[in-house]
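In what follows, a single structure is set out as C-alpha cells and then discussed.
Residue numbers (this note's numbering): 94 to 360.
See below:
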C-alpha cells in the first residue's frame, strides 16, 4: 500500500493519525513530518509511526495531508515543493487556503484536495467537506475521502461552497457549545446545581442529535412534537422568537462566511 504523510502534528494532525490507525492503516505506511524533537518522540512512542522531516516525508509519500495553520502554508509549500512530483496528492486541512493557492506553489500535475474539517473529529464524529483542485482524478478524491472518513462523515462539494461550509460546520461546534453554555447558565439561574444543569443539558443535546440522525425526521416536526399548545415549550420558543434568535444565527453565519472569504483573500 502507498505511504501517507501527515505534515503538522498538532491536535488535528494527531487526530487524523489516530483515526487512520484505528481504521486499520498499517503504521509502516504512515509518516509524520514534525520538527520538534520532543513531540516526535511522543508520537513515535504512542503510535509506533516514523516521525521525520517534512521534505523527507513529502518525498516518500504518495498522499500528503497538510495539517498546518493557514499562515504557515506558504512556508511549508516552499519547503517541500521541489521534492513533489506529478501524480502525488496534497490534502489541505487549512481553513481559507484555496486549491489555486497551493497549485501555484507546487509542480504541475500535483493533485490538490481542499478539506474543511471540524473538531468533533476528535471523537470520530467529524464533518469534513472536500473539494477537488484542477488536477484531481476520482482516485485522488476517493483517497482524500478515505482519509477523512477515518474520523467522521465526508461530503464532496464545489470549492465555491467552502466559505459557507466553514460558517456552518467548521465554526459550528462553537455555536453549539455557546448554546449549551447558555442553557447551563440558565439552569443555575433557575436554582439547579451546576453539575446537575450540565448533565441535563449535555444529555439533552446528545439525545436530540441522535434523534435527528437516526429518525431522519425534519427538525421542525421534532420541535412540534415537543411543543404542546400553550405549554412550557411554547412559552420558551415565543421568547426565542421575540429575541430574534433565528435571525441572529443567520447573521452570525453570514459573518463567519464573510470572514472566511477575507482570510482566503489574505486580509
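A virtual CB, placed ideally from N, CA and C, is assigned to each residue, including glycine.
The model shown is predicted, which means the values in this text are computed figures rather than measured ones.
Assuming contact is defined by CB atoms lying nearer than 8 Å, are residue 127 and residue 142 in contact in what I supplied? no
Got a sec? Which residues, its chain only, sit under 8 Å from residue 96 by beta carbon, not counting five neighbours each side? 122, 123, 124, 153, 154, 155 and 156
Excluding the 5 residues flanking residue 214 on each side, which residues of the same chain have their C-beta closer than 6 Å to its C-beta? 108, 244 and 245
Is the Cβ-Cβ distance between residue 188 and residue 263 less than 8 Å? yes
Helix or strand or just coil, what does DSSP make of residue 250? coil
Near residue 114, what residues of its chain come up, given a Cβ to Cβ distance below 7 Å and the 5 sequence neighbours on each side ignored? 120 and 140
With distances taken from CA atoms, which of 230, 217, 234 and 307 is nearest residue 223? Put simply, of 230, 217, 234 and 307 the residue whose alpha carbon is nearest the alpha carbon of residue 223 is 234.
Do the segment 292 to 301 and the segment 272 to 280 touch if we need at least three Cβ pairs shorter than 8 Å? yes
Below 8 Å between beta carbons: does that hold for residue 203 and residue 228? yes
Following the continuous beta strand (DSSP E) through residue 313, name the residue where it begins and the one where it ends. Looking at the DSSP string, residue 313 is not in any beta strand (DSSP E); the run it does join, the alpha helix (DSSP H), is 312 to 319.
What residue range does the beta strand (DSSP E) around residue 156 cover? 156 to 159
Short of 6 Å in beta carbon distance, which residues of its chain neighbour residue 287, apart from the five on each side in sequence? Order them along the chain. 281
Identify, in the order they occur along the chain, each residue of the same chain with its Cβ nearer than 8 Å to the Cβ of residue 341, setting aside the five sequence neighbours on each side. No residues qualify anywhere along the chain.
Going straight from the alpha carbon of residue 240 to that of residue 210, what length do you get? If you take the alpha carbons of residue 240 and residue 210, they lie about 11 Å apart.
Confirm, please, whether the CB-CB distance from residue 269 to residue 258 is below 8 Å. no
So, is residue 236 buried or exposed, given that buried needs 16 or more other C-beta atoms within 10 angstroms? buried
Could you tell me whether the Cβ atoms of residue 201 and residue 179 are closer together than 8 Å? yes
Rank 351, 169 and 111 by C-alpha distance to the C-alpha of residue 261 and give the top, closest one. Shortest Cα-Cα distance from residue 261 to any of 351, 169 and 111 involves 351.
If you run the structure through DSSP and keep just helix, strand and coil, what is residue 245? strand
Determine the extent of the beta strand (DSSP E) in which residue 97 is found, giving its start and end residues. 97 to 100
Just to confirm my understanding: we take residue 266, look at its own chain, exclude 5 residues before and 5 after, and list those with CB closer than 7 Å. What are they? So the qualifying residues of the chain are 211, 212 and 213.
Using the rule of at least 16 other Cβ atoms within 10 Å of the residue's Cβ for burial, across every protein chain shown, is residue 256 buried or exposed? buried
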